[in-house]
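Chains as they are written, first to last, in the working numbering: chain A, 43 to 154; chain B, 895 to 1009. Even for Gly, the Cβ is constructed at its ideal location relative to N, Cα and C.
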Amino acid sequence: GENVEQHPSTLSVQEGDSAVIKCTYSDSASNYFPWYKQELGKGPQLIIDIRSNVGEKKDQRIAVTLNKTAKHFSLHITETQPEDSAVYFCAAKSSGYSTLTFGKGTMLLVSP
Amino acid sequence: DAGITQSPRHKVTETGTPVTLRCHQTENHRYMYWYRQDPGHGLRLIHYSYGVKDTDKGEVSDGYSVSRSKTEDFLLTLESATSSQTSVYFCAISDPPETTNEKLFFGSGTQLSVL
């Protein structure tokens, strides 16, 4: 099955800095890569996703890049704000499976 | 949380007792999932359902069973709770993967403590 590795496990930045979270996956057949944000006491919520036929996708201050050859994808957050503080999960899904495999999560702390 | 209600929100129980967690949705999504979240392990799939009475195992299904008698309800049962099942449990829903609308919507979670 799929295996997703996520780094770093914690990330501290100053407000206004950029933050990058990286994930690698093992199954070359994976074709869907979402990112979820989990605020304290809440369930995860999708913030952006990308499919294997696209190399990059942006939505305001967040962007995701995908390198299929290297089997890794990254989340980029620019101009970070304190409300970006949360746990972020990457995930991957193969076309041959019905379910997502999640990374272990990254706790992002944005200091004012 | 996208019309998903988990109950109870918190539960404390003793080792060896049966426990049932409920997930109720008002979105009419065909797929429903149960995940557990533990520090250092992220989100791990326990069981999922792709229709009424249609369920399948996830990566950490041992010690858990599920039932889905109606589209809107998905029950997770711990037949005999153990301390290793202390965790936060999340229910999620989605459209079928083949629709390419694979976005998962999560509930607010159930904090379960097994003493």
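- request: Report yes if the CB atom of A/Y74 is closer than 8 Å to the CB atom of B/E996, and no otherwise.
  value: One thing to note: A/Y74 has its Cβ within 8 Å of the Cβ of B/E996.
message: Tell me which residue opens and which closes the beta strand (DSSP E) that B/R924 is part of.
response: Counting along the chain, B/R924 falls outside any beta strand (DSSP E), and DSSP gives it neither H nor E.
message: Here's the rule I'm using: 16 or more other beta-carbon atoms within 10 Å means buried, otherwise exposed. How should B/T920 be labelled?
response: Under the 10 Å beta carbon count, B/T920 is surrounded by fewer than 16 other beta carbons and is classified as exposed.
field: Spatially closest choice to B/Y927 from A/G58, A/S140, A/S51, A/P154, by CA coordinates
entry: Of the candidates A/G58, A/S140, A/S51, A/P154, the residue whose Cα lies closest to the Cα of B/Y927 is A/S140.
query: For the segment 139-153 of chain A, which residues have a CB atom closer than 9 Å to at least one CB atom of chain B, in sequence order?
result: Those would be Y139, S140, T141, L142, T143, F144, G145, K146, G147, in chain order.
- prompt: Beta-carbon separation of A/V46 and A/A134 under 8 Å?
  reply: In contact: A/V46 and A/A134 (Cβ atoms closer than 8 Å).
- request: Classify A/R103 as buried or exposed, calling it buried when 16 or more other Cβ atoms lie within 10 Å of its own Cβ.
  value: By the 10 Å Cβ count, A/R103 comes out exposed.
message: Classify B/K947: buried if its beta carbon has 16 or more other beta carbons within 10 angstroms, exposed otherwise.
response: Result: exposed.
- request: Reducing DSSP to helix, strand and coil, say where A/Q123 ends up.
  value: Looking at A/Q123 - three-state DSSP - the assignment turns out to be coil, as it is neither helix nor strand.
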